[in-house]
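Student: My questions all concern the structure below.
In our numbering, the protein residues as written are 125 to 1061.
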């Protein structure tokens, strides 16, 4: 591995134009931004983001949501996250309890994803520190980075004893998750015809089949003593013909956890006896096999089984003795009160280990035979000194030979590596802690050493495997690492993750997404854009742009989410995929990252239109509006079925979506403003209360608004004066009269929905820009079922709160205004901003994180022609394609006057009558109704 890197030399060539100096990890202010690594802006970027510490959130919905997550960031015990790392390295974990869920050995798929959540948490802390400057977050980062540094050092070294208090004197502890055991030398049993085995053990977990001892060759010839068999009681067995030929002894009750127990087995003259705490609990007079019958054995282990699937013993060993005779019951009883050396039987004459050692990785044999025992790892040790994980390297090794997915054996190890790497990079960027960058660089060196020697075909097979081969956003993170280190191997490493069949298909604009796991693939494309930045290879950028267009809008729900049951289905199938497991939250998080990264290259407003949609709806709505220090309270799926209730404590906890949810809630300000790379323009992408410090220009821009509860915003320039173009995004939905004034005077020009409106001038302190963004109520149709619709007021998705489990049937044209706005058909709820009722059903913003049953989609039903709340008594006719008469009338909105609307009604009726779709008499009734009705503006 390369030597540790100098932070000074790196930061001199890096940083995103922040005026805040880089500080040490103990600093009291952010070093630079955490969202975009401290890297120089790529030459390919025509706009650049601002570091998080340059944008301060003001009072509003974003600050409210962030405050809840900051409570979690401050309150959660980081030692719980570090427990799995320390255990894997054989370090003491204290009283810390692993988080559980995906982060625990008892969680889904045996905890094969553990460690990922620590990376997410580091990123959250880094963003929280950058966004608030609170020292508590820097302190927590320092604690975690320091612990991970210790973990890597321990993994690099041979295992060392963890000395704890024993039954008598000291004992050796095997932390659960350490995969450590004690290896005894050959000849321990000495070919004895009679034997006694005795051990003091303190089990820390109730794993079945965890071995106290296992002496054998394979799974044919062996003897073992297990703390628990399948029935949860101790078992001794000996065999020369595998499990079916075992001669055994079973206890009668389980050993207590976290308490010392004495186990002893005597075997002589065809009789075996099992003792627990000095009491004989089992006797077998037909045990003809002796150690002598086993012959020479290959392994002699304490704590490890000859069956690979069996767990390693978790707990402490307080002594182990082997005698070449069967001790009497009285002698066994005597062992309960003192060490063997202090009893009449004396130390074991074949082996005797007191486990008094407090350092090192070997244990002295006091039998006089010199059989020194050694502490080992079941997996040996890392293949490279840069390895860092919360589990052994075996998942990475097994992946290289896998041909199909099995997450109970291998669950996305490079995905987990990505989360850890990303967290370390963000920690370095936020605090300048050299240790974090050294750990990250080491991980890059290790991955390159591991992957660079594999054939290309092996890599392509690995990355194409569902789940097991998932690698998340590791390419983006490695590109950021390369930008910091300049190490050519790191860039080469990023390209080793190319999944050519996916890249080539997307580069050719061939949609092959049907059936793919959504979140396994979305972050790949953000990495490809960063690879384009580093290499200039056009197919990377082209593939990413085309991919984005395959998802938005073709596989996008109204709230901005995508995927059903984590997978994509056929293009343009929306209604046909709605279920209880739609819209995985991670997918929205990663599509936001891809959208903003594409915008850095091409300032197409569609990317920020999508960003606003997903941020203001799914992302905000995925966070429950409740404080909790122990849980982030974030959704995994957001079901869009009628009456769905969001689950903010999904699965077993510590899931991927809770991880990305922690990140999202601490970087809400990351895309409010961008700057042209040449400094010529400032992009105002989102209307959000905030304050930008644009150090390069010597100005500040303060945005004051209660958006989306307010339909507009005010921008005030502070500081010095500077010349630049202010480019304000005109949302694609803003069709009701987007207006801009500067210092009270209207800015000439015609803002076009789905564009940016520019105002160029020399800006001075006190200049005030007022932006009016009137909202209209509108509906969006599911692409595959025009009758299934979702409701929007400006950028905000409105959901019905109702416990019905069938789609609600709603009509919206009854009191539509001349402008085409449907809002007059709804009744505002007094004192509740953005809350309305329709047909007795309350509609509220999707972003409100409640546990109310909601309807994001409804069935549109306009059975009768109603205009201006006046019922014509005429059934609303429908064409074969589903278009109704009212649809065609209101497609002509906005109308400058009632007369213009009546003329539209008359011409539409005449056309439908001539086509035989409406009778002349009914047509006359409809026109008459329009003439009599009173319409809102």
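Glycine included, each C-beta is placed from N, C-alpha and C at the ideal position.
Quick one: what's got a C-beta closer than 6 Å to residue 292's C-beta in the same chain, skipping five residues either side?
Tutor: Taking the chain shown and counting its residues from 1, one reaches residue 292 at position 168. Within the same chain, residue 292 has close Cβ partners 463.
Student: Short of 6 Å in beta carbon distance, which residues of its chain neighbour residue 657, apart from the five on each side in sequence? Order them along the chain.
Tutor: Residue mapping note: residue 657 aligns to position 533 of the chain shown, counting from 1. These residues qualify, in order along the chain: 166, 168.
Student: I need the straight-line Cα distance from residue 946 to residue 619, nearest angstrom please.
Tutor: Taking the chain shown and counting its residues from 1, the one referred to as residue 946 is at position 822. Taking the chain shown and counting its residues from 1, the one referred to as residue 619 is at position 495. Cα to Cα, residue 946 sits roughly 51 Å from residue 619.
Student: Using the three-state DSSP reduction, which class does residue 222 fall into: helix, strand or coil?
Tutor: Your numbering for residue 222 matches position 98 in the chain shown. Residue state, collapsed to three classes: coil.
Student: Assuming residue 917 and residue 1025 make a contact with CB atoms under 8 Å, what is their CB distance in whole Å?
Tutor: Mapped onto the chain shown, residue 917 falls at position 793. Mapped onto the chain shown, residue 1025 falls at position 901. Rounded, the Cβ-Cβ distance is 22 Å, inconsistent with contact.
Student: Residue 766: beta carbon under 7 Å from a heavy atom of the ligand ZN?
Tutor: Among the ligands in the structure shown, none appear at all, so the ligand ZN cannot be discussed.
Student: I'd like the list of long-range same chain contacts for residue 929, defined as Cβ closer than 7 Å, with 5 residues on each side in sequence excluded.
Tutor: Residue 929 sits at position 805 when you count from the first residue of the chain shown. Contacts found: 766, 767.
Student: With H, G and I counted as helix, E and B as strand and the rest as coil, what does DSSP make of residue 979?
Tutor: Sequence index remark: in the chain shown, residue 979 carries index 855 (1-based). Three-state DSSP puts residue 979 in a strand.
Student: What does the Cβ neighbour count give for residue 867, buried or exposed, with the cut at 16 atoms within 10 Å?
Tutor: Counting from one through the chain shown, the residue named residue 867 turns up at place 743. With fewer than 16 Cβ atoms within 10 Å of its Cβ, residue 867 is classed as exposed.
Student: DSSP on residue 193, reduced to helix/strand/coil?
Tutor: Here residue 193 refers to the residue found at position 69 when the chain shown is read from its first residue. Note: residue 193 maps to helix in three-state DSSP.
Student: For residue 415, which residues from the same chain have a beta carbon less than 6 Å from its beta carbon, with the 5 sequence-adjacent residues on both sides left out?
Tutor: Along the chain shown, one-based indexing puts residue 415 at 291. 313, 316, 319, listed in sequence order.
Student: Starting from residue 533, trace the alpha helix (DSSP H) both ways and give me its first and last residue.
Tutor: Residue 533 sits at position 409 when you count from the first residue of the chain shown. Residue 533 -> no alpha helix (DSSP H), and no H or E assigned at all.
Student: Candidates 902, 673, 826, 176: which alpha carbon is nearest residue 1078's?
Tutor: The requested residue 1078 does not occur in the structure, where the chain is confined to residues 125 to 1061.
Student: If you count every other CB in all the chains shown that lies within 10 Å of the CB of residue 890, and 16 or more means buried, which is it?
Tutor: Along the chain shown, read from residue 1 onward, the residue named residue 890 stands at position 766. Counting Cβ neighbours within 10 Å, residue 890 comes out exposed, since fewer than 16 surround it.
Student: I need the boundaries of the beta strand (DSSP E) containing residue 265, first residue and last residue.
Tutor: What you label residue 265 is simply residue 141 of the chain shown in a count that begins at 1. Where residue 265 is concerned, there is no enclosing beta strand (DSSP E), although the alpha helix (DSSP H) it sits in stretches over 259-280.
Student: Using only the alpha-carbon positions, how far apart do residue 259 and residue 199 sit?
Tutor: In the chain shown, the residue the question calls residue 259 occupies position 135. In the chain shown, the residue the question calls residue 199 occupies position 75. The alpha-carbon atoms of residue 259 and residue 199 are separated by roughly 14 Å.
Student: Classify residue 911 as helix, strand or coil using the three-state DSSP reduction.
Tutor: Within the chain shown, the letter at position 787 stands for residue 911. DSSP places residue 911 in strand when its eight states are reduced to three.
Student: For the candidate residues 881, 846, 522, whose alpha-carbon lies nearest to that of residue 824?
Tutor: Position 700 of the chain shown, counted from the first residue, corresponds to residue 824. Of the listed residues, the one whose Cα sits closest to residue 824 is 846.
Student: Once you ignore the five residues that flank residue 1034 on each side, which residues in its own chain have a CB closer than 8 Å to its CB?
Tutor: For the purposes of this step, residue 1034 is taken as the residue at position 910 of the chain shown. If we look at residue 1034 and ignore the five residues flanking it on each side, its Cβ neighbours are 1047.
Student: Across the segment 627-636 and the segment 576-585, are there enough close Cβ pairs to call them in contact, namely three or more that are closer than 8 Å?
Tutor: Segments in contact, no.
Student: Along the alpha helix (DSSP H) that carries residue 1046, what are the first and last residues, could you check?
Tutor: The residue given as residue 1046 occupies position 922 in the chain shown. Its alpha helix (DSSP H) spans residues 1044-1056.
Student: Whole angstroms is fine: what's the gap from residue 883's alpha carbon to residue 732's?
Tutor: Here residue 883 is taken as the residue at index 759 of the chain shown, counted from 1. Here residue 732 is taken as the residue at index 608 of the chain shown, counted from 1. Residue 883 and residue 732: Cα-Cα distance of roughly 19 Å.
Student: Restricting to runs no shorter than 4 residues, where is the alpha helix (DSSP H) found entirely within the segment 997-1047?
Tutor: Listed in chain order, they are 1009-1014, 1022-1038.
Student: Are the CB atoms of residue 567 and residue 541 within a distance shorter than 8 Å?
Tutor: As a working note, residue 541 is residue 417 in the chain shown. As a working note, residue 567 is residue 443 in the chain shown. The answer is yes: Cβ separation under 8 Å.
Student: Can you grab the Cα-Cα spacing for the pair residue 797 / residue 809, in whole Å?
Tutor: On the chain shown, position 673 is the one that residue 797 refers to. On the chain shown, position 685 is the one that residue 809 refers to. Cα to Cα, residue 797 sits roughly 6 Å from residue 809.
Student: Round the Cβ separation of residue 488 and residue 496 to the nearest angstrom and send it over; I've been treating them as touching at under 8 Å.
Tutor: Reading the chain shown from its first residue, position 364 is the one you call residue 488. Reading the chain shown from its first residue, position 372 is the one you call residue 496. Rounded, the Cβ-Cβ distance is 6 Å, consistent with contact.
Student: For residue 995, count the other beta carbons within 10 Å of its own beta carbon; 16 or more makes it buried, fewer makes it exposed. Which is it?
Tutor: Within the chain shown, numbered from 1, the residue matching residue 995 stands at position 871. Exposed: under 16 other Cβ atoms inside 10 Å.
Student: Could you pull the DSSP bridge partners for residue 950 from this structure?
Tutor: Counting from one through the chain shown, the residue named residue 950 turns up at place 826. DSSP lists no partner for residue 950.
Student: Note down, in chain order, each residue of its chain lying with its Cβ closer than 6 Å to the Cβ of residue 975, except the 5 sequence neighbours on either side.
Tutor: Indexing the chain shown from 1 puts residue 975 at position 851. Excluding sequence neighbours, residue 975 sits near 769.
Student: Please report the Cβ distance between residue 383 and residue 286, rounded to the nearest whole angstrom; I am assuming they are in contact, meaning their Cβ atoms lie under 8 Å.
Tutor: Locating residue 383 in the chain shown gives position 259, where the first residue counts as 1. Locating residue 286 in the chain shown gives position 162, where the first residue counts as 1. That pair is no contact at about 18 Å.
Student: Using a Cβ-Cβ cutoff of less than 7 Å, which residues in the same chain neighbour residue 873 once the five nearest sequence positions on both sides are dropped?
Tutor: Against the chain shown, residue 873 aligns to sequence position 749. Once the five neighbours on either side are set aside, the close Cβ partners of residue 873 are 881.
Student: Helix, strand or coil for residue 899, going by three-state DSSP, please let me know.
Tutor: Sequence index remark: in the chain shown, residue 899 carries index 775 (1-based). Residue state, collapsed to three classes: coil.
Student: Helix, strand or coil: which one does DSSP assign to residue 477?
Tutor: Residue mapping note: residue 477 aligns to position 353 of the chain shown, counting from 1. Here residue 477 sits in strand by DSSP.
Student: Take residue 1054 as the anchor and find which of 939, 613, 1006 has the nearest alpha-carbon.
Tutor: Here residue 1054 refers to the residue found at position 930 of the chain shown. Of 939, 613, 1006, the residue nearest in Cα terms is 939.
Student: Are the Cβ atoms of residue 822 and residue 842 separated by less than 8 Å?
Tutor: Translated into positions along the chain shown, residue 822 becomes position 698. Translated into positions along the chain shown, residue 842 becomes position 718. Cβ atoms of residue 822 and residue 842: not closer than 8 Å.
Student: CA-CA distance, residue 321 and residue 498?
Tutor: Stepping through the chain shown from its first residue, residue 321 is reached at position 197. Stepping through the chain shown from its first residue, residue 498 is reached at position 374. In a straight line, the C-alpha of residue 321 is about 19 Å away from that of residue 498.
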